[in-house]
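Undergrad: Got a structure here, written out as structure tokens. Questions coming.
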Amino acid sequence: MAGSTATMEQQATVGATPRRRHNYARRYWWFVVPCGAVVLGTIVFPWAFTLYMSLHDFKLGGGREWVGHANYVKLVTDERFLYSILRTLYFTALSVVIPMVLGLLAALAFHRKFPLRGLARTVFILPMMATPVAVALVWTMMFHPQLGVLNWLLQQVGLPPSMWVYAPDTVIPTLVMVEVWHWTPLVMLILLGGLASLPLDPYEAAKIDGASAWQAFRHITLPLLAPFLVVALIIRTIDALKAFDTIYVITQGGPGTASETINIFLYLQAFAYYNLGYASAVVVVFFAIIILLAMVLLWTRARVKDA
Amino acid sequence: MTRCEAEETMMSRGFTRRTALTAGAGLLAAPPLVRQANAQSQFDWKRFSGERIEVSLTANPRSTILIQNQREFEDMTGIRVGAEQIPEQQHRQKFAIEFASGRPSFDVVGISLHVNKRQVGKARWCTDIKALMADPTITAPDFDFADFGEGAVAYSTQADGRMDTLPEFTDYFILYYNKELLAAKNIAPPATFDEMYDSARRLTEPSRQIYGNVGRGLRNANVVLYSSFLLGTQQRDFLDGQRRLISDSPDAIWAGEFYKKLLRDCSPPGVSGFNWNESQTTFMQGRAAFWIDGVGFAAPLEDRTRSRVAGKVGYAVVPRGPAHHHCAMFGTAFGIAEQSRKKGASWLYLQWASGKANQLRYLTSGAGSPARTSAYRNEEAISQSRFSREFFNTLIESARISRPGLPEIVPVTEFRDTLGSALTATIGGADVATELRRATEAFRPVLEQSERES
Chain C
0 MAGSTATMEQ
10 QATVGATPRR
20 RHNYARRYWW
30 FVVPCGAVVL
40 GTIVFPWAFT
50 LYMSLHDFKL
60 GGGREWVGHA
70 NYVKLVTDER
80 FLYSILRTLY
90 FTALSVVIPM
100 VLGLLAALAF
110 HRKFPLRGLA
120 RTVFILPMMA
130 TPVAVALVWT
140 MMFHPQLGVL
150 NWLLQQVGLP
160 PSMWVYAPDT
170 VIPTLVMVEV
180 WHWTPLVMLI
190 LLGGLASLPL
200 DPYEAAKIDG
210 ASAWQAFRHI
220 TLPLLAPFLV
230 VALIIRTIDA
240 LKAFDTIYVI
250 TQGGPGTASE
260 TINIFLYLQA
270 FAYYNLGYAS
280 AVVVVFFAII
290 ILLAMVLLWT
300 RARVKDA
Chain A
98 MTRCEAEETM
108 MSRGFTRRTA
118 LTAGAGLLAA
128 PPLVRQANAQ
138 SQFDWKRFSG
148 ERIEVSLTAN
158 PRSTILIQNQ
168 REFEDMTGIR
178 VGAEQIPEQQ
188 HRQKFAIEFA
198 SGRPSFDVVG
208 ISLHVNKRQV
218 GKARWCTDIK
228 ALMADPTITA
238 PDFDFADFGE
248 GAVAYSTQAD
258 GRMDTLPEFT
268 DYFILYYNKE
278 LLAAKNIAPP
288 ATFDEMYDSA
298 RRLTEPSRQI
308 YGNVGRGLRN
318 ANVVLYSSFL
328 LGTQQRDFLD
338 GQRRLISDSP
348 DAIWAGEFYK
358 KLLRDCSPPG
368 VSGFNWNESQ
378 TTFMQGRAAF
388 WIDGVGFAAP
398 LEDRTRSRVA
408 GKVGYAVVPR
418 GPAHHHCAMF
428 GTAFGIAEQS
438 RKKGASWLYL
448 QWASGKANQL
458 RYLTSGAGSP
468 ARTSAYRNEE
478 AISQSRFSRE
488 FFNTLIESAR
498 ISRPGLPEIV
508 PVTEFRDTLG
518 SALTATIGGA
528 DVATELRRAT
538 EAFRPVLEQS
548 ERES
């Protein structure tokens, strides 16, 4: 009897556990409310409002009129917007690939031991610490076709002067040059951290097997460093896609619209033309592009992990 | 002769009939003078003492002058002033967003009329100051509204007759020229656009990196230079009488062709990316003979610590066009926020800021051409200025021939971007007529929608 009572109590206890857990969770559910409110207020609401505005003809200082998907239709036919997407992709591709290659080379160089290595590393990462707007202003002065120091340097080595940011053909590569100078140190730092964490055993084994330096790099360093490369790639891509300050300060999107990326186009629509409805539609499309790119990068990362 | 000796001499001459007549005339004239003096002494500058107003200004040498002398206003009125100056582009965005929010953080705001006049007027962001001006209890007797130039007053007045800003500064585009470069080739300052182009061609020597001209080629910024040429044509304006866009007319194309050849044939390589700052640097280094731009650049050009052409700069009005002779005019003014609860104190600030003393400071320091005419008549101050008589004569003559350099429309920045892109493309060799037609077609619906909403 006692045994059966104990069994019943146990059953009751077992039976009560899920209910108590449920109550327990409900009580603590309120602790999520502040966090949820912040997320709602800072992420969900702005997004919902942006979507709402993108369906209106909304001008600062004027009225607000429902236009449905008219802003999106206009975007599809707006050559200036379509070219700005191409320019953004062109700028992003160059601003990611070049720092990745140079950053990897720099990381390999700084991973080796040599005199004054610490000082050299510090000097190398200095550009990253500079304020982008200040950097952009200094570069602008250096790019001046007649009075800038860069053309003077070119002439000293017998090369013809360049138009740098003052010609449509050279403006994006020149802006990429500033971006590369500024952010290659960041890639180098990420990869240097990765190199420092690699195990030494595979290298010793490869050495015993007679592997060359290139083979060790190709078959040991690169695969082991791949997760760090992907992290650097994601950070660089996000940074390049959102690049605004440097481009705006140096060219304001010019000459003409030759360096007008989506960010510059968006800024002008929203804060120079005050077309907030149209600008909101640009934001939504830009967000979709970023989501697409992020998915590709995450898929790449997952594949690297699996490998 | 000392003062005492002079008084003794007068006394020894005695009290003559002439003296009596003079004294009588003096007595007859005394009542109005006394009334004016009483009005001056009765005007209570301190009536808003203890209040604090916020002032939002665009960063420029004129705002710096106001902030430097702000203590003068605070001591006179007992009103505390919190003034900020923000770079032009950012300031335009800031005040527009704050006004649209319904609760601007400032009481007084500086406004570029050539960009924001219609926007501010349409939204009724600033209070009509006519009522304030008519109230003798808060308008100083020596305010002297008639002293403001007609052009400046017209610029500050909206189409419906409301005057929602008080003029501060009128910016005229003038011709700066390098006297040394012109003298070396025995060339006189040009009187017409054709002469300007011919001289600029003769002065251009790429091998020495000397160019006949420099000017704005960058999108948006370049439209104000282009309009200097358009103003010389029969058409003169960007809009016709029915406010329709005519920036692809034969006259507009002529102005575009002139702009193209001047910047393409006689200006430094890369000029398509030049704004005023690159143009100023090039001119300051003695690399360009002509430069058409705003009057405010005289000060840096004559600064011996920064400029290689200081003392060698010539000033002239913009050359005559094929049909008319005008220079482009732009302007700034002060407005009082409609939502401000300190309109009285703000109005006193406006009277001080655009008062005769500050306007004279603008002129003599080279910070810009004042909206008041009295400053130009102050011979003593002008003679003591570091700028040449030629500079002041150019300003006076420019005021006489000036016309607004941009159309008074709400989407003026979008207009400048659209037309500016076309103009930049022409420097690269694109066909002027094609580019202007494309730009006009692109902007026409924007303008039509804006006009409908207005």
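First to last, the protein sequences are chains C and A. Per the numbering used here, residue 0 is the first one in the first sequence, and the count goes up by one each step. Per the numbering used here, residue 98 is the first one in the second sequence, and the count goes up by one each step. Just so you know, even glycine gets a beta-carbon here, dropped at the ideal spot from N, CA and C. These numbers come from a predicted model, not from an experiment.
7 Å is my cut-off, CB to CB: does A/Pro-201 come that close to chain C?
TA: It does not: the Cβ of A/Pro-201 has no partner Cβ on chain C nearer than 7 Å.
Undergrad: Between A/Thr-379 and A/Val-311, which are expected to be in contact by the criterion C-beta below 8 Å, what is the C-beta distance as a whole number of angstroms?
TA: Indeed they touch by this definition, with Cβ atoms about 5 Å apart.
Undergrad: Which first and last residues belong to the alpha helix (DSSP H) in which C/Arg-300 is found?
TA: It spans 275-305 - the alpha helix (DSSP H) in which C/Arg-300 sits, taken as one unbroken run.
Undergrad: Kindly say whether A/Gln-255, judged by its beta-carbon, lies nearer than 7 Å to any beta-carbon of chain C.
TA: So, not an interface residue.
Undergrad: Could you tell me whether the Cβ of A/Ala-536 comes closer than 7 Å to any Cβ of chain C?
TA: Judged by the 7 Å Cβ criterion, A/Ala-536 is not in contact with chain C.
Undergrad: Tell me which same chain residues have a C-beta within less than 7 Å of the C-beta of A/Asn-475, skipping the five on either side of it?
TA: These residues qualify, in order along the chain: Leu-457.
Undergrad: Quick one: is A/Val-406 buried, meaning 16 or more other Cβ sit within 10 Å of its Cβ, or exposed?
TA: It counts as buried.
Undergrad: Name the residue from A/Glu-151, A/Gly-248, A/Gly-179 whose alpha carbon lies nearest to the alpha carbon of A/Arg-200.
TA: It is A/Glu-151 whose Cα lies nearest to the Cα of A/Arg-200.
Undergrad: If you draw a straight line from the alpha carbon of C/Val-134 to that of C/Thr-245, how long is it in whole angstroms?
TA: One C-alpha to the other measures close to 8 Å.
Undergrad: Return yes when the Cβ of A/Glu-148 is within less than 7 Å of the Cβ of A/Lys-357, no when it is not.
TA: Their beta carbons are not under 7 Å apart, which means A/Lys-357 does not touch A/Glu-148 by this criterion.
Undergrad: With contact counted as at least three CB pairs below 8 Å, one residue from each stretch, are the segment 266-283 of chain A and the segment 449-466 of chain A in contact?
TA: Yes: at least three Cβ pairs fall under 8 Å.
Undergrad: Can you give, in chain order, each stretch of the alpha helix (DSSP H) that sits fully within the segment 213-269 of chain A and has at least 4 residues?
TA: With a minimum length of 4 residues, the continuous alpha helix (DSSP H) runs that stay inside the segment 213-269 of chain A are 227-231, 247-253.
Undergrad: Could you tell me the alpha carbon to alpha carbon distance between A/Phe-394 and C/Leu-85, rounded to whole angstroms?
TA: In a straight line, the C-alpha of A/Phe-394 is about 39 Å away from that of C/Leu-85.
Undergrad: Is A/Arg-384 close to chain C? Criterion is C-beta to C-beta, closer than 7 Å.
TA: Interface residue, yes.
Undergrad: Under DSSP, the alpha helix (DSSP H) around A/Thr-429 begins and ends at which residues?
TA: Per DSSP, A/Thr-429 belongs to no alpha helix (DSSP H); it is in the beta strand (DSSP E), 424-433.
Undergrad: Answer with yes or no whether the minimum CB distance from C/Gly-14 to chain A is below 7 Å.
TA: Bear in mind that a pLDDT of 47 at C/Gly-14, under 50, signals an unreliable position, so the model cannot answer this.
Undergrad: Taking 7 Å as the CB-CB limit, is A/Ala-251 close to chain C?
TA: Closer than 7 Å: no.
Undergrad: Mind reading off the beta-carbon distance from A/Cys-596 to A/Thr-402? Whole number of angstroms is fine, and I expect it under 8 Å.
TA: Here chain A covers residues 98 to 551 and nothing more, so residue 596 of chain A does not appear.
Undergrad: Taking a contact to mean a Cβ-Cβ separation below 7 Å, would you say A/Arg-215 touches A/Glu-505 in this structure?
TA: Their beta carbons are under 7 Å apart, which means A/Arg-215 touches A/Glu-505 by this criterion.
Undergrad: For C/Ile-189, which three-state DSSP category applies?
TA: The answer is helix: DSSP assigns C/Ile-189 an H, G or I state.
Undergrad: Shortest alpha-carbon distance to C/Met-127 belongs to which of C/Pro-98, C/Thr-173, C/Met-141?
TA: Here the closest residue by C-alpha is C/Pro-98.
Undergrad: What residues in its chain sit with their C-beta under 8 Å from that of A/Arg-384, if we drop five residues either side in the sequence?
TA: Counting only Cβ-Cβ distances below 8 Å, and skipping sequence neighbours, we find Gln-306, Ile-307, Tyr-308, Val-311, Pro-365.
Undergrad: Consider the Cβ of A/Gln-137: report whether some Cβ of chain C lies at a distance smaller than 7 Å.
TA: In this prediction, A/Gln-137 has a pLDDT of 49, which is less than 50 and means its spatial position is unreliable; what the coordinates show is noted afterwards. So, not an interface residue.
Undergrad: Under 7 Å Cβ to Cβ from C/Val-132, same chain only, skipping five residues before and after it: list those, please.
TA: The answer, listed in chain order, is Asp-244, Val-248.
Undergrad: Report all residues from its chain with a CB closer than 7 Å to the CB of A/Ser-296; omit the five preceding and five following residues, and keep chain order.
TA: Answer for A/Ser-296: Ile-284, Pro-287, Gly-309, listed in chain order.
Undergrad: Comparing the C-beta of A/Thr-510 with each C-beta of chain C, is any distance below 7 Å?
TA: Answer yes: the Cβ-Cβ gap between A/Thr-510 and chain C drops below 7 Å somewhere.
Undergrad: What residues in the segment 127-147 of chain C have a beta carbon less than 8 Å from any beta carbon of chain A?
TA: Cβ contacts with chain A come from His-143, Pro-144, Gln-145, Leu-146.
Undergrad: Which residues of the segment 261-273 of chain C have a Cβ closer than 8 Å to any Cβ of chain A? Give them in chain order.
TA: Those residues of the segment 261-273 of chain C that come within reach of chain A (Cβ to Cβ, closer than 8 Å) are Leu-267, Phe-270, Ala-271, Tyr-272, Tyr-273.
Undergrad: Of all the CB atoms in chain C, is at least one closer than 7 Å to the CB of A/Gln-448?
TA: Output row for A/Gln-448: interface = no.
Undergrad: Leaving out five residues on either side along the sequence, give the residues of the same chain with a beta carbon under 7 Å from the beta carbon of A/Pro-184.
TA: Result list for A/Pro-184: Ala-156, in chain order.
Undergrad: Please list the terminal residues of the continuous alpha helix (DSSP H) segment that includes C/Phe-264.
TA: Counting along the chain, the alpha helix (DSSP H) containing C/Phe-264 begins and ends at 261-266.
Undergrad: Between which residues of its own chain and A/Thr-119 is the CB-CB distance below 7 Å, once the five residues before and five after are set aside?
TA: Unreliable positioning characterises A/Thr-119 in this predicted model, as indicated by a pLDDT of 49, which lies under 50. The coordinate reading is nonetheless provided below. So no residue of the chain qualifies.
Undergrad: Starting from C/Tyr-202, follow the alpha helix (DSSP H) in both directions and report where the run begins and ends.
TA: Note, C/Tyr-202: alpha helix (DSSP H), 200-207.
Undergrad: Which of the three DSSP states, helix, strand or coil, is assigned to A/Thr-155?
TA: Note: A/Thr-155 maps to strand in three-state DSSP.
Undergrad: Assuming A/Ala-413 contacts A/Leu-272 (C-beta within less than 8 Å), just tell me the rounded distance between them.
TA: Confirmed, about 5 Å.
Undergrad: Could you tell me whether any Cβ in chain A is nearer than 7 Å to the Cβ of C/Met-176?
TA: Not one chain A Cβ lies under 7 Å of C/Met-176.
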